[in-house]
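Protein chains in written order, with the working numbering: chain W, 1 to 295; chain E, 296 to 618; chain R, 619 to 863.
Below is one structure, written out as structure tokens, with a few remarks after it.
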Amino acid sequence: MFQLLGIPPQALFGQLLLGLINGSFYALLSLGLAVIFGMLNVVNMAHGALYMVGAFVAWLLLTYLGVGYWGALVLAPLAVGAVGLVLERTMLRRLYKVDHLYGLLLTFGLALIFEGAFRHQYGVSGQPYPIPDLLKGGTNLGFMYLPTYRGWVVATSLLVCFGTWFAIERTKLGAYLRAATENPTLVQAFGINVPVMVSLTYGFGVALAGLAGVLAAPIYQVSPLMGSNLIIVVFAVVVIGGMGSILGAIVTGLGLGLLEGLTKVFYPEASNIVVFVIMAVVLMVKPAGLFGRER
Amino acid sequence: MTMQTQALRRTGVEAGSRRALLIGGGLLLALAAPFLLYPVFLMKVLCFALFACAFNLLIGFAGLLSFGHAAFFGGAAYVTAHVVKEWGWAPEFGLLAATVVAAGLGLVFGLIAIRRQGIYFAMITLALSQMVFFLALQLPFTHGEDGIQGVPRGTLFGLFDLGQPLTMYYTVLAIFVAGFALIWRTVHSPFGQVLKAIRENEPRAVSLGYRTDRYKLVAFVLSASLAGLAGGTKALVFQLASLTDVTWQMSGEVVLMTLLGGMGTLFGPVVGAGLVVTLESYLASTSLPVPVVIGCIFVVCVLVFRRGIVGELLARLPGKGNR
Amino acid sequence: MPDGMQTKTARTGTAMLEIADLHGFYGESHVLHGVSLEVRQGEVVTLLGRNGAGKTSTMRAIMGIMGKRTGSIRFQGTELIGMAQHRIPRLGIGYVPEERGIFSSLSVDENLTLPPVVKEGGMTVPQIHDLFPNLKGRGSTQGTRLSGGEQQMLAIARILRTGATLILLDEPTEGLAPVIIEQIGVAVRALKARGFTIVLVEQNFRFAATIADRHYVMEEGHVVDMIPNDQLHANMDKLHTYLGV
């Protein structure tokens, strides 16, 4: 058996795959955060909680209604998006005229409510969620074994991320979004209903979190606290990438996931904090983030 | 005109004497309190009140929202617990060590976080404090999920046995009063005026020649040290340092205390800490989920009650007095 | 209000835009104090006045970009006060703001096609390129990489596609070189010839005099005078006093 840098390749590639999967989730979540932040100037602290809600909706659909993975893949993001619409219309909307920090505090309160409620109802232990039949099994790639579901998660996330990027950067709808991010008043003065766009943007951003939740359900356990620590890493990812940059969010998310995987191989003790260390270094060198513009 | 000035001066004097009365009354109440309520409960309130006051020094007077203050509070608790329990240090040195370590940590956080403002500042402090959380989870001396238990309270200055609840209580009270007085002095000093100027309009403060980053950094370190002092004290009171105190939810809790009581008011955080601690100990005896209730209060405060209790009172009081 | 205007209104027909006793506020500050004016179909009307007289605020009030408005703004008989902000442009009012508002994250083409078409009869992109040749072939350039004059042309051009019949032009010549001002003037005259109704805010009344039918003079948040363009020379002294030139 050959070795790379003293590490058996199975272990190395296995960890890299795990890193890539984490990176996919970072990318999906930070993409949603970036879209929301760009339009609403709100750091959505409830993002992790809504990711958890997405996973729970999938689990509830399966447990109580017998709706399987594929149904959940569509319904759960829609449900989370609908929750987002309601939150934006009833609460966030009132805060656009005051300091942006209040948006952060409000969504923090919402995160506590969601997590607390699910914890109260379902306890802290996770609920297992089965891998759909179609995605069971795996492939031996020679240098490593690739479980089909994990490959699916990475591929789907990449597709959704780049689809979102394309929609924002290359379509008419995206042009409205970019323009409204820059100057909402003027876009409104062209006859576009910006408040509705803002609601939809928030709904879409949290729907992405809900989708990530469904994708995560078969990999991690469905548990009320699954989003709470993840989201802080995602915040660090967003700070590193530069807030408001769509491509930056995607690339940084994937890259940091991989880097975390590598750290697990070479220096496992540091794997939890490597992202935060990188954040500190990036802030020292380039305060606006790797892809960010100072604003 | 003269009538008005006189009237103004009179309300100023009245506000001053009212404040003196308030403080005197508060102190008397605090001295008598352990005979009416559980000392441990009161000490918890005082620890959190000091923590919240320290936090408020940043958000209320320098406009910086730190979402990572649990790192100082909880981190310092570990320091006190460790040096007192493992190295046998006297409690006063345990608290000193907590304060010094928190100050150092605050310096590091501050140097990194102060490069960005507003929301970014909050996110960076949050991420950095999460790093401290993982360190606390993984380093051997913190004992992971168990925390450091059975911390001896020891004898203060070799004279006062802190094992006695009342002695411990009055020590905590003295620490709180000292910390509060320091914050008071800071806020009313020229330094505090510059901080307020930065909060109101940083570019203008820069154009007036102030090196605002220095001021913000000093405020951050001071706030971190006092948060650390509060955390160390809490470790002595409960004879325990645990992960709970370094979680980001703890950082959120101190934000809530300050918000509920009134950001930027001197007494607000004290009131807020008292209310939140009381509420939590009440909820613990019911089946209501604590985080949900806390979350709801948060949402309501942010939506309709942004001035907080003391802020609201001050706004309604005639002759507003000092903030 | 000079009564010459009333008779002229009666002569040339319907008012397209009627503003009566308009008050406007930004938060606590009261910026418009009873503006009244009329613009008829096919007219070019300027708002003259010093800085802070309320010209831009009047335009923003028409578009609904203002905290609170009282009084009346009627466009083709429809009351605009109280109407949802995004519906106002859909009636056929195009707004070209003073700062031009070219989006830096959009290409020239995206900027050009951003405002939705609200009515039939808007100009096509080739027609717009004929009017503003500078914009031709620049489609993929980042909007804010254009020169100031080109950005102004783009800001006007994107409104022409929408089918808007009333155009609010806020200081189109500000900060531009004389040769560019000349080009803008040609374009505005061409638009007038095509039947657009135009309200123009101008500091440069020499430019205004070359294209406008009438001039409203504003001071301290209301209209103080109306001068038909053919009487502009006779009223030069008065105008100098108003504008403080």
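Built from N, CA and C at the ideal position, the CB exists for glycine as well.
None of the values given here were measured: they were computed from a predicted structure.
Residues of chain W whose Cβ lies closer than 7 Å to the Cβ of Gln703(R) are, in chain order, Gln188.
For Gly719(R), the residues of chain W that pass the 8 Å Cβ criterion are Asn183, Leu186, in the order they occur in the chain.
Counting only residues of its own chain and dropping the five nearest sequence neighbours on each side, Ile419(E) has a CB closer than 7 Å to the CB of Ile407, Ala408, Arg411. In the three-state DSSP reduction, Tyr464(E) falls in the helix class (H, G or I). Around the beta carbon of Asp848(R), fewer than 16 other beta carbons lie within 10 angstroms, which makes this residue exposed. Arg89(W) does not reach chain R, its nearest Cβ partner there being about 15 Å away, counting only Cβ pairs nearer than 9 Å. With its beta carbon less than 8 Å from one in chain W, Tyr713(R) belongs to the interface. Looking from the CA of Thr507(E), the closest CA among Ser518(E), Lys491(E), Leu345(E) belongs to Lys491(E). Residue pairing by DSSP places Leu655(R) opposite Ile637(R) in a beta bridge.
Short of 7 Å from the beta carbon of Gly439(E), and not among the five residues preceding or following it, lie these beta carbons of its own chain, in chain order: Leu432.
Below 8 Å, too few C-beta pairs join the segment 71 to 86 of chain W and the segment 10 to 26 of chain W to call them touching: fewer than three. Per the C-alpha coordinates, the member of Val285(W), Pro287(W), Tyr220(W), Val53(W) positioned closest to Val153(W) is Tyr220(W). C-alpha of Ile478(E) to C-alpha of Thr528(E): approximately 17 Å in a straight line. When DSSP states are grouped into helix, strand and coil, Asp99(W) belongs to the coil group. Here the alpha carbons of Lys339(E) and Ala568(E) stand approximately 9 Å from one another. For Val239(W), no CB of chain R lies under 8 Å from its own CB, so it is not counted at the interface with that chain. The contact set of Arg93(W) on chain E, defined by CB atoms closer than 8 Å, is empty, because the minimum CB distance reaches about 10 Å.
Under a criterion of Cβ atoms nearer than 7 Å, the residues of chain E adjacent to His120(W) are, in order, Pro584, Val587.
For Ala536(E), the three-state secondary structure derived from DSSP is strand. Residue-level contact by beta carbon holds for Val736(R) and chain W, with a gap shorter than 8 Å. Under the DSSP assignment, Phe600(E) falls outside any alpha helix (DSSP H); it carries neither an H nor an E label. 8 Å or more divides the Cβ of Gly526(E) from the Cβ of Ala347(E). Rounded to the nearest whole angstrom, the C-alpha separation of Ala27(W) and Ile240(W) is 12 Å. Just measuring C-alpha positions, the residue of Ser722(R), Asn669(R), Gly712(R), Ile680(R) sitting nearest Thr815(R) is Gly712(R). Taking 8 Å as the cut-off between beta carbons, the residues of the segment 410 to 426 of chain E near chain W are Arg410, Arg411, Gly413, Ile414, Tyr415, Ala417, Met418, Ile419, Leu421, Ala422, Leu423, Gln425, Met426, in sequence order. Separation of Gly68(W) and Ala217(W) (C-alpha to C-alpha, rounded to the nearest whole angstrom) is 12 Å.
Beyond the five residues adjoining it in sequence on each side, Leu173(W) comes within less than 7 Å, by CB distance, of Ala167 in the same chain, given in chain order. Looking from the CA of Val98(W), the closest CA among Ile604(E), Glu607(E), Gly603(E), Leu598(E) belongs to Leu598(E). Distances from the alpha-carbon of Phe143(W) to those of Lys286(W), Gly292(W), Gly289(W), Gln10(W) put Gln10(W) closest. Contacts with chain E at 8 Å (Cβ-Cβ) include Ala236(W). Between the C-alpha atoms of Ile829(R) and Leu666(R) there is a straight-line separation of about 14 Å. The criterion of a C-beta distance shorter than 8 Å is not satisfied by His704(R) and Ile278(W).
Neighbours of Ala280(W) across chain E, judged by C-beta separation under 9 Å: Val403, Ile407, Ile419, Ala422, Leu423, Met426. Using a Cβ-Cβ cut-off of 8 Å, Val550(E) is close to Leu105, Phe108 of chain W, given in chain order. For Ala117(W), the nearest CB of chain E lies under 8 Å from its own CB, placing it at the interface with that chain. Contact check for Met45(W) and Ala111(W): beta-carbon distance about 5 Å, within the 8 Å limit, so the pair qualifies.
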